[in-house]
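These protein sequences, in sequence, are chains A and B. Residue numbering for the first sequence follows this note's numbering, starting at 369 and increasing by one per position. Residue numbering for the second sequence follows this note's numbering, starting at 369 and increasing by one per position. What follows is a short report on a single structure.
There are 2 protein chains.
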Amino acid sequence: MTLNTETEQKIIASAEKLFYQKGKAGCSMQDIADDAGINRTLLNYYYRSKDQLFEAVFRQAMGSFVPNLAAMLKSDMPFQDYVQDLVETVIDTMLESPQIPIFVLQELSSNPARMPQIMKEMGVDPSLAIEKMTEEGRVPEAMGMDPRQVILNLMSLCIFPFAARAVVSEVLYDGDQEVFLEAMEERKKLIPQIVKQIMK
Amino acid sequence: MTLNTETEQKIIASAEKLFYQKGKAGCSMQDIADDAGINRTLLNYYYRSKDQLFEAVFRQAMGSFVPNLAAMLKSDMPFQDYVQDLVETVIDTMLESPQIPIFVLQELSSNPARMPQIMKEMGVDPSLAIEKMTEEGRVPEAMGMDPRQVILNLMSLCIFPFAARAVVSEVLYDGDQEVFLEAMEERKKLIPQIVKQIMK
DNA sequence: GTCTATATTGTGATAGAC
DNA sequence: GTCTATCACAATATAGAC
């Protein structure tokens, strides 16, 4: 998926920005063209339809974090060794593109039937992952917790603050985005500590 | 906000359903009217505009969980006493209307400027809440964590699994919604245990 | 590849009959 | 309160000139 022409790059950049912000139905082809500073019909020339342009943006967004998840689910290494790396990777991804989680979750929520197909395309076999995860010692017993709950907790702690950024930064950090970002940086150390504490 | 006529109830029910699922821009007035089985112009008769209909639905959604948050932030009681109740209340709310979190987060994410005003209307004073929270002993020291991080962790653990339900149920529970719901029930006990463990 | 012009359909909203 | 008819406009998409 290399973007050849300069125009094509401008289109994808603007489409990403506006789709992330307003959703698929929330912005028009005209909006995207205006943001990119090009003629509207060029969008159709390059991507044929709004649906296909959205598809390109959505798949790129999925591709930015599914591999992380997949790697963790598929790996044979002990769980703890992954936590620090995973947390850092995921949080860094969110810091770079803070709007990805809400964008992806909204699309999947209004179209949940897409999930199985996407998982398949991205090389994640859910039932295989679960099997591996529940193998003895793969994800260590923590307070008698199901291993899936451990994974879910980890993901919740990493992703939710970004999905809820508007609320969180307003209610907890009085609207100060700098302080919010510092807090997110802090969580890179904090979350692994929590996991370690729970594992004890 | 009592809904008088039968028609009005049908409208709100359908608007809720479709706005939750597809977002404000993702469904038309015609869609809502069709779902409610009534004439499209009645929507304008009762709510004047799409904006005002959306506002009614959005405010109702906010009202279903902001009071819980506000109560916790404002209360003088020790933090631990609230955790069990709060977790149960929040998870029960999510179980009843699983689409609320993603709906609210999406709207606030594309329109973050609304947050301060909404907080004010709902009687939550952020800076006051923070002040109270950081008072000695209000939210207990946990692993040297900032009290705001504790709150954020708690909310993340409760809400994220529902916001990400499509992904979670597919990847971790192989698409089985029954098993997913059981896991969410289990979290009512599990999350307070985690909090307790971290507080030690 | 990029533009203008245009076809076609959908949308929110209102006026006015019943 | 509920309907039909209608308005003004915005949307996606394509055809065809350059």
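Idealized CB from N, CA, C, for every residue including glycine.
Distance from the CA atom of Ser432/B to the CA atom of Asp460/B, rounded to whole angstroms, is 11 angstroms.
Counting every other CB atom within 10 Å of its CB across the protein chains shown gives Asn521/B a total of 16 or more, marking it as buried.
Here the alpha carbons of Gln452/A and Val547/B stand approximately 29 angstroms from one another. Between Phe528/B and Phe528/A, the CB-CB gap stays under 7 angstroms. Under the three-state reduction of DSSP, Gly431/B is assigned to helix. At a cut-off of 7 angstroms, the C-beta of Gln448/A has no neighbouring C-beta in chain B. Secondary structure at Glu503/B: coil, using DSSP grouped into helix, strand and coil. Between the stretch 472-484 of chain B and the stretch 470-482 of chain A, the count of Cβ pairs shorter than 8 angstroms is three or higher; the stretches touch. Against Arg516/A, the close residues of chain B are Leu540, Tyr541 and Ala551, in the order they occur along the chain (beta-carbon pairs closer than 8 angstroms). At a beta-carbon threshold of 8 angstroms, none of the residues of chain B lie near Asn412/A; the nearest stands roughly 20 angstroms away. Buried is the label assigned to Gln517/A, since at least 16 other Cβ atoms lie within 10 Å of its Cβ. Residue Met523/B holds the alpha-carbon nearest to the alpha-carbon of Leu441/B among Glu538/B, Ala532/B, Glu554/B and Met523/B. Chain order gives no chain B residues near Lys557/A, where near means a beta carbon separation below 7 angstroms; the closest approach is about 11 angstroms.
Taken in chain order, the members of the stretch 442-474 of chain B whose beta-carbon sits within less than 7 angstroms of a beta-carbon on chain A are Gln467, Ile470, Leu473 and Gln474. Relative to Gln561/B, the option among Ala401/B, Asp449/B, Lys390/B and Tyr415/B whose CA is nearest is Asp449/B. The beta carbon of Phe426/A does not come within 7 angstroms of any beta carbon belonging to chain B, so the residue lies off that interface. Identification of residues in the stretch 494-523 of chain A having a C-beta nearer than 8 angstroms to some C-beta of chain B yields Pro494, Ser495, Ala497, Ile498, Met511, Met513, Asp514, Arg516, Gln517, Ile519, Leu520, Asn521 and Met523, given in sequence order. Thr457/A and Asn436/A have their C-alpha atoms some 8 angstroms from each other. DSSP, read as helix, strand or coil, puts Lys390/B in helix. The stretch 415-426 of chain B makes no contact with the stretch 491-500 of chain B, as fewer than three CB pairs between them are under 8 angstroms. The alpha-carbon of Ile406/B is positioned some 11 angstroms away from that of Glu374/B.
For the alpha helix (DSSP H) assignment, the uninterrupted runs of no fewer than 4 residues enclosed by the stretch 477-526 of chain B are, from N- to C-terminal side, 482-489 and 494-501. Closer than 7 angstroms at the C-beta level to chain A, one finds these residues of the stretch 381-399 of chain B: Gln389, Lys390, Gly391, Ala393 and Gly394. Proximity of chain A to Gln485/B at the Cβ level (cut-off 7 angstroms) is not reached, the minimal Cβ distance being about 10 angstroms. Annotated as proximal: Ile559/B and Leu525/B, with beta-carbon spacing under 7 angstroms. Remark: C-beta atoms of Met462/A and Glu538/B do not approach each other more closely than 7 angstroms. For the C-beta of Val492/A, the chain B residues within less than 8 angstroms are, from N- to C-terminus, Val539. Nearest to Phe422/A by alpha-carbon distance, out of Ser443/A, Met445/A, Ala438/A and Ala381/A, is Ala381/A.
The stretch 499-511 of chain A and the stretch 500-513 of chain B do not touch, with fewer than three beta-carbon pairs separated by less than 8 angstroms. If you compare the alpha carbons of Ala481/B, Val536/B, Pro446/B and Asn372/B with that of Asp544/A, the shortest gap goes to Ala481/B.
Using a Cβ-Cβ cut-off of 7 angstroms, Ile406/B is close to nothing in chain A; its nearest Cβ partner there is about 23 angstroms away. What Ser478/B touches in chain A, judged by beta-carbon distance under 8 angstroms, is Gln389, Lys390, Gly391 and Gly394, going in chain order. When 9 angstroms is used as the limit between beta carbons, Leu525/B is near these residues of chain A: Leu520, Asn521, Ser524, Leu525 and Phe528, in chain order. A straight-line Cα-Cα distance of about 28 angstroms links Met487/A and Met552/A.
For Val535/A, the residues of chain B that pass the 7 angstroms Cβ criterion are Leu476 and Met483, in the order they occur in the chain.
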